[in-house]
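To start, the structure itself, in structure tokens.
This is the structure:
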């Protein structure tokens, strides 16, 4: 059942992605000011959305893990956090590539890039914290607290960095509101395959996590005997 | 009402059950000896009773309440593996610290009393760091008894103690039993525990393998319990 | 409520007394702060106006680095002799235990910060006392932000291997908003500018950070301490 769902999701994602790439590369005209590179936005922005959705899901799963004391929620939390981190990394890398071509620099302390970097660091810390704890129940508890702290911090980080950057000169970001509806549609249409990919990856990681816990329990049994 | 009541208690480390469906009771004034090998779950069970850990499943009540409630903890004394004293503080300061945390009416007076009772009166201003092993252990006993708890949870109390501290502890435990306090004592030193105990529970790999009153037979033949109910 | 503060103060007094006897954390922290201040003076020309303009960043980096040493010791201090178990078993709520420890850390950190500030004033030739009371307010608010997050994570990481490394790695990213606000406020105050304009927004951010994370810490600390 789960296997089938994963295969179906993968198939749908691949088909949709192929269709989107076709439209993106062959149908949509180049953006007037930026030329062909603007197409990276169709991956850059949905990647960020997926990442935040992942971090949000991680917080919900962490709270459920603490309340229900059920380690399945811990598996969900770590799976969606890792997927979120992967998409956050994709967002950062695509942002840097775009910046290199449009601004001529790989990195600028732009509000959004900086915020995403801080986010990435927060959740990378979450994974490192997990690695440092041996016992699964204790690990779930400690990691859940970290996840909640991290997610509460995210909006504060965004606000502070935005406020910090508006006090400094920065490269002009192309207009947010004035994007053509065709581009907007593509943005959402391309989110679907990325989201499906994220869900499949999270499901795989969840299963791995559960199997790892079973192995750990068996090892403890062996140790007890 | 039982002083200690555990009903279907499980504790998991990941998917591994360290405690499996533990049901135990101790009536007020009873002394329950928790027996079992290392890793059988004695410490885990005591930690749950002391409010230091939570059960994964099942219900635990101490003096009719949740172990984690403050009102419960005020009436429970814990003596674990460590002496739970601060090396940089003096004997008196250590006891007064815990006296204040337990909200005793006169922490200083009570601390001095217990220092006398454990033979540490003359060194009350000395730092714990400078104490001998035996003195530290007697102070640890004083700390656990300071607030005159109705329930005492002792985890392997005899293993680390020297002779004098054992004598002090045994005297206090006997007084405690006479005063109607409930005692749970985990140990693998059978003789000391069995002499004191009114009831016995044997844990094997997280399960209760035997529970019941302590019989004369157990005293006469300390290996009897393990031979008949221990692991095959 | 009264018993909450009484227990907290008892814990804080215990921590401070033990710390003042050994001076482990405070000495290490102070020495570290002074070394960093010295190193910074090699990195920048100490007499230049520019150095004074980045004084907020310089000072708060020193505070954050030195603070990690104090915070690391906070719960680690309870490990020998299993003292932490005795505290958790005592009839003190996890929140009161946490609050007491945070208070003690706050006092130690403030002491390190004030000494660092004095040294900074001498080394870098800055008359930083012109806006003393507003600066003290920023110092207190900023330090409380660092302390409250740091103390929770001190409890969270106390049983981990690599504890000393884990704590700064986890808390610095979380502290970014508080550090940023404190830096933005400290630089102009050290230069003698009054608290006004944009600075009020940063002050609000700092207060919000403190309030949010104090509430979160008090709510979650029982979960952190009791397994």
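Protein chains in written order, with the numbering used here: chain A, 3 to 227; chain B, 9 to 240; chain C, 1186 to 1412. Cβ coordinates follow ideal geometry from the N, Cα and C atoms, glycine included.
Counting only runs of 4 or more residues that sit fully inside the segment 91 to 176 of chain A, the alpha helix (DSSP H) segments are 113 to 134, 138 to 168, in chain order. Burial is judged here by how many other beta carbons sit within 10 angstroms of a residue's own beta carbon; residue 67 of chain B has fewer than 16 and is exposed.
Contact note: residue 1290 of chain C does not reach chain B at a C-beta cutoff of 9 Å; the least C-beta distance is about 17 Å.
Under the Cβ criterion of 8 Å, residue 237 of chain B is not counted among the residues facing chain A.
By the 16-neighbour rule on beta-carbons within 10 angstroms, residue 14 of chain B is buried. Within chain C, 1188, 1191, 1192, 1276 have C-beta atoms less than 9 Å from the C-beta of residue 111 of chain B, given in sequence order. Those residues of the segment 23 to 55 of chain B placed with their C-beta closer than 9 Å to a C-beta in chain C are 55, ordered along the chain. In this structure, the CA atom of residue 43 of chain B is about 39 Å from the CA atom of residue 208 of chain A. Here residue 140 of chain B is exposed, its C-beta having fewer than 16 other C-beta atoms within 10 Å.
Following the DSSP letters along the chain, one finds residue 1239 of chain C in no beta strand (DSSP E), marked with neither H nor E. Of all residues in the segment 1326 to 1359 of chain C, those with a C-beta nearer than 7 Å to a C-beta of chain A are 1341, 1345, 1346, 1347, 1351, 1354, 1355, 1358, 1359, reading in chain order. Under the 8 Å Cβ criterion, the segment 1357 to 1369 of chain C counts as touching the segment 1242 to 1250 of chain C, having at least three qualifying pairs. Between residue 1227 of chain C and residue 1236 of chain C, the C-beta gap is not smaller than 8 Å, which leaves the two residues out of contact. One Cα belongs to residue 134 of chain A, the other to residue 120 of chain B, and the distance between them is close to 44 Å. By the 16-neighbour rule on beta-carbons within 10 angstroms, residue 52 of chain A is buried. For residue 213 of chain B, no CB of chain C lies under 8 Å from its own CB, so it is not counted at the interface with that chain. For the segment 121 to 140 of chain A, residues whose beta-carbon sits nearer than 7 Å to a beta-carbon of chain B comprise 137, 138, 139. Closer than 8 Å to the CB of residue 143 of chain A there is at least one CB belonging to chain C.
Note: residue 39 of chain B is bridge-paired with B:191 in the DSSP secondary-structure output. For residue 1273 of chain C, the neighbours in chain B by C-beta distance under 8 Å run, in chain order, 59, 60. The residue from A:23, A:49, A:28 with its alpha-carbon nearest to that of residue 201 of chain A is A:49.
Between residue 194 of chain A and the set A:93, A:32, A:44, the nearest pair of CA atoms involves A:44. The beta carbon of residue 146 of chain A does not come within 8 Å of any beta carbon belonging to chain B, so the residue lies off that interface. In terms of CA proximity to residue 125 of chain A, A:149 leads the group A:203, A:149, A:27. Here the C-alpha atom of residue 86 of chain B lies approximately 5 Å from the C-alpha atom of residue 161 of chain B.
Interface criterion met: the Cβ of residue 1408 of chain C is under 8 Å from a Cβ in chain A. Taking a C-beta cut-off of 8 Å against chain A, none of the residues of the segment 1218 to 1252 of chain C qualify. Residues of chain B with a Cβ closer than 9 Å to the Cβ of residue 1257 of chain C do not exist; the shortest Cβ-Cβ separation is about 17 Å. Residue state for residue 28 of chain B is assigned as strand, using DSSP reduced to three classes. Contact annotation: in the segment 10 to 22 of chain B, residues whose CB is within less than 9 Å of a CB in chain A are 19, 20, 21, 22.
Annotation for residue 69 of chain B: the continuous beta strand (DSSP E) segment containing it runs 65 to 70.
In this structure, DSSP gives residue 1229 of chain C a state outside helix and strand, which the three-state scheme calls coil. At a Cβ-Cβ threshold of 8 Å, residue 144 of chain A and residue 131 of chain A count as neighbours. Residues of chain B whose Cβ lies closer than 7 Å to the Cβ of residue 226 of chain A are, in chain order, 47, 213. Between residue 1297 of chain C and residue 1251 of chain C the beta-carbon gap is near 5 Å, inside 8 Å, which marks them as a contact. Per DSSP, the continuous alpha helix (DSSP H) segment holding residue 1326 of chain C begins and ends at 1317 to 1341.
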